[in-house]
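In order, the protein sequences belong to chains A and B.
Per our numbering: the first sequence = residues 10 to 308.
Per our numbering: the second sequence = residues 574 to 878.
Let me begin by presenting the structure, written as C-alpha cells, before commenting on it.
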Amino acid sequence: MTLATIQDAPPAAVSGGPDDAVLIVDHLTMRFGGLTAVGDVSFKVGRGDITALIGPNGAGKTTVFNCITGFYKPTEGMIRLRQADGATYMLERLPGHDVNRVARVARTFQNIRLFPQMTVLENLLVAMHKPLMRASGFSLAGILGLSGYRKAEAAAIDKAAAWIARIGLTHRADEPAGDLPYGDQRRLEIARAMCTDPVLLCLDEPAAGLNPRESGELNTLLRLIRDEFDTSVLLIEHDMSVVMKISDRIVVLDYGIKIADGTPEQIRTDTRVIAAYLGVDDEEVAAVEAEVGLTGASA
Amino acid sequence: MEFFAQQFINGLTLGSIYGLIALGYTMVFGIIGMVNFAHGDVFMLSSFIALICFLILTTWLGLTSVALVFLIVLILAMVLTALWGWAIERVAYRPLRGSFRLAPLISAIGVSIFLSNFVQVVQGARNKPVPPLVREVFVLFQNEQYTVTLSYKQAIIMTTTAALLAGFWYLVQRTSFGRAQRACEQDRRMAALLGINVDRTISLTFVLGAALAAVAGTLYLLYYGVVSFSDGFVPGVKAFTAAVLGGIGSLPGAVLGGLIIGLIETFWSAYFSIEYKDVAAFLILIVVLIFKPSGILGRPEVEKV
C-alpha cells in the first residue's frame, strides 16, 4: 500500500520526503491570469539525490523550474534552499543573478543556450566570472596582468579543463560551442552549470533529442555529478529510460498538481501515474478514482 | 608625392579620432544591440569638460608643464565623462530595457538633444578656443617646395588610438569582464543564470564607452583648439558611419572604419572639393554596405534552420 501512504499524506506533503533536504518547495502556486499552471505543489529534493520531476505535457514542470530559478515570482508559496552549512535562502525573493551567485542554484533549459560564438573553454570560464571578477579587482588587475589574477585565471582554466575532459571534449576545447554536435552541446551545458559550483542543479529535459548512446553518456555524467560532487540534481525528463535508471526519487505532476512522490519502484506501480500517462476513458474515471482512493478522500 | 604623404598623415589623425568615438558606439551596440545616438554629444560634452579643466589648471592654478596639464586634463575628462555615461544609462536607458526595441533609440536621440542644448545654455553658443598646447613638429621630409611634417599632436593622437584599441581588444577577448560582456551580448538571461550581474556589466560598458569618448574629446580639443556645442553631431554621425563600415560590434573594425572615413574625407578635400567631403565619405559607406552588409570586419549573421 505504498500508494495509500502517499495519497493519505495531507497537502502539506513537505513533512514527508527525504530528511536532509536541499530544496523545499512549499505550497507553490503559480497563476497566469485565470490559469493555474501550478497549484499548491509541495515537495523536497534530498541532499545528494537525483530527483526527477515528471508528468505529461503541460503538467507545469517547467513552471516549477522557472519559479525555483527566479524567472517567475510565484503567486503563492515558498521555495527554500538549504545549503550544507545550514544557510537558508528564500529563492522566490532573490533577484535573478543572485539565485546563482548567492544561493548557488544552476539550471539548463529545454533548448540549448550555450554562447554559440564563444569557444568551449570560454563558455565554462564565463560560469566562473564571479570568483575571477573578484580576483581581478574588477578587471583592473586583469589588464595589468597582476600575479593574483593570473593565478585565479590559471585555476579557473584548470577547473574548466577538468570538466572538458570529463565530458570528453578536450580535442575541441578551442572551437566555437555552436559547432559541436547536439549531444556534446547538452553535456557542455551541464558542465558549464557545474562550473558555478551549484548546490542544486536543475536540468530541464537534458535527454531531449539525444540518441541512445548520447543518452547513456548523459546518465554517466549525471551519476558522476551525484557521486563525486556536493551537488543535488533536480531534473525534468520525459525519457523514462533515463528517469528510472538514475533517479533516487520521483515527483509526478499532472495538471499542475502533484499526484505522486516516491522512489522509482513506487512510481512505476502507481495507478494515478499510469492513469495520467496513459489516460483513461470518461466512463472509467470513476473506477480508476475509486481504485486510487480519490473519491474516498474527497468525501 | 609630398602633398599626398602630408594628406595621408592628416587623414590618419582625423581617422584616429573618428575611430576612438566609433569604439564607444561599437561596444555599446555589441552588448545591448542599441545604437547610442547620444554618444556624439557625450564626446562634445567631454571636450567642454576638458576645456574647463584646462582653463582651471592653467589660469587658476598656474600649471605650466604641458605634459602634466595634458595628463591631468585627460584623466579628469575621462572620470567626469564616465560619470555622465553612467548617469545617462541609468536614467535614460535602463528603465527602458525589456521595452520594445525602438524605445531606447528614441530615448538616445532625446539625450543627444538634451546634451547639446544643455551645453549651449550653460556654455554659450559661440566657439570656445584654447591656446595651442603643443606646437612642436617632426619634419619627416623636406625639399625646396614642400615640407612633410608630423606634429606631436598628430603623433599623440595616433599612438593613443592604437594603444586604446589594443587595450580594449585585450579587455574584451582575454579578461573575465570581456567574457561576461560577450555572454551578455549573446544571451542576457543565461548570463544572469551563470551569476553574471548583467546590469552592472552593461553600466560598465557605458562607462567605458564614455571614457573613450572623453579621450577622443580631449584629443579633438588638443588638435583643433576650438569646440562648440554643435560639435557632437557631425563627428558623431561620422563615427557611427565608421563603426557600421568596419562592422558594428567589432573593435578593430571601428578603428579601421574610422581611418577609412578620415582618409577619404581628407583626400577628397585635398584633391577635389572640400564642400563634397561628407558626400564622398557617406557614398563609400553606401557602396560598402551594398556589397558587404555586415561591414568590413563584421561577422555575417548565420541563421541556423
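Even for Gly, the Cβ is constructed at its ideal location relative to N, Cα and C.
All figures in this text were calculated on a predicted structure; none of them were measured in a lab.
Asked, Found
"Residue closest to ARG281(A), alpha-carbon to alpha-carbon, out of ASP213(A), ALA202(A), ILE63(A) and ALA171(A)", "ILE63(A)"
"As assigned by DSSP and simplified to three states, the class of MET99(A)", "strand"
"Distance cut-off 8 Å: ILE629(B) Cβ against heavy atoms of the ligand ATP", "This structure simply doesn't include the ligand ATP, nor any ligand for that matter."
"Bridge partners - ILE259(A), DSSP secondary structure assignment", "ALA61(A) and GLY271(A)"
"Where the region 742-756 of chain B meets chain A: residues whose CB sits under 9 Å from a CB there", "TYR743, LEU744, ARG747, THR748, SER749, PHE750, GLY751, ARG752, ALA753, ARG755 and ALA756"
"Neighbouring residues, chain B, relative to ALA136(A) (Cβ below 8 Å)", "LEU767 and GLY768"
"Rounded C-alpha distance that separates ALA655(B) from ASP760(B)", "26 Å"
"Short-range partners of chain B found in the region 178-207 of chain A, where Cβ spacing is below 9 Å", "GLY187, ARG201, ALA202, CYS204 and THR205"
"Validate contact between the region 589-597 of chain B and the region 780-794 of chain B using beta carbons, cut 8 Å, 3 pairs", "yes"
"Interface flag, ALA764(B) vs chain C, CB-CB below 9 Å", "Among the protein chains in the structure shown, which are A and B, there is no chain C."
"Short CB-CB distance (under 9 Å) between THR78(A) and chain B", "yes"
"Three or more C-beta pairs below 8 Å linking the region 87-100 of chain A and the region 723-736 of chain B", "no"
"Residue range of the alpha helix (DSSP H) that includes ARG196(A)", "191-203"
"Stretch pair the region 160-178 of chain A + the region 134-144 of chain A: three plus CB contacts closer than 8 Å", "yes"
"contact_flag[the region 109-126 of chain A, the region 177-193 of chain A] where n(CB pairs < 8 Å) is 3 or more", "yes"
"Contact check, ILE88(A) vs ILE173(A), beta carbons under 9 Å", "no"
"Against chain B: residues of the region 251-267 of chain A by CB proximity under 7 Å", "none"
"Residue-chain proximity (THR771(B), chain A), Cβ-Cβ < 9 Å", "Before going on, a small fix: residue 771(B) reads as Val here, not Thr. So, interface residue."
"Candidates VAL703(B), SER801(B), LEU862(B) and GLY671(B), of which the one nearest ALA816(B) by Cα", "LEU862(B)"
"Residues that GLY55(A) bridges to, as DSSP identifies them", "ALA30(A)"
"Span separating the alpha-carbon of SER680(B) from that of GLY177(A)", "48 Å"
"C-alpha gap between LEU540(B) and THR38(A), whole angstroms", "The requested residue 540(B) does not occur in the structure, where chain B is confined to residues 574 to 878."
"Selection from PHE855(B), LEU824(B), TYR591(B) and ALA660(B) that minimises the alpha carbon distance to ARG755(B)", "LEU824(B)"
"Touching by the beta-carbon criterion (3+ pairs, under 8 Å), the region 656-665 of chain B and the region 689-696 of chain B", "no"
"8 Å contact criterion, which ASP270(A) and PHE52(A) should meet: CB distance rounded", "6 Å"
"9 Å Cβ cutoff, ASP760(B) in contact with chain A", "yes"
"Nearest-angstrom Cα separation, counted from GLY69(A) out to GLY48(A)", "9 Å"
"Limits of the alpha helix (DSSP H) - the one that SER680(B) falls within", "675-696"
"Proximity test, Cβ basis, 9 Å: MET99(A) and chain B", "no"
"Straight-line Cα distance separating ALA853(B) from ILE859(B)", "10 Å"
"CA-to-CA distance, ASP107(A) to MET142(A), given in whole angstroms", "15 Å"
"6 Å Cβ shell around TRP742(B) - same chain, five flanking residues per side excluded", "LEU824"
"Cutoff 9 Å: ASN228(A) Cβ touching any chain B Cβ", "no"
"Environment of SER250(A) [buried if 16+ CB atoms lie within 10 Å]", "exposed"
"Buried or exposed by the 16-neighbour rule on C-beta atoms within 10 Å, applied to TYR191(A)", "exposed"
"PRO702(B) - DSSP class collapsed to helix/strand/coil", "strand"
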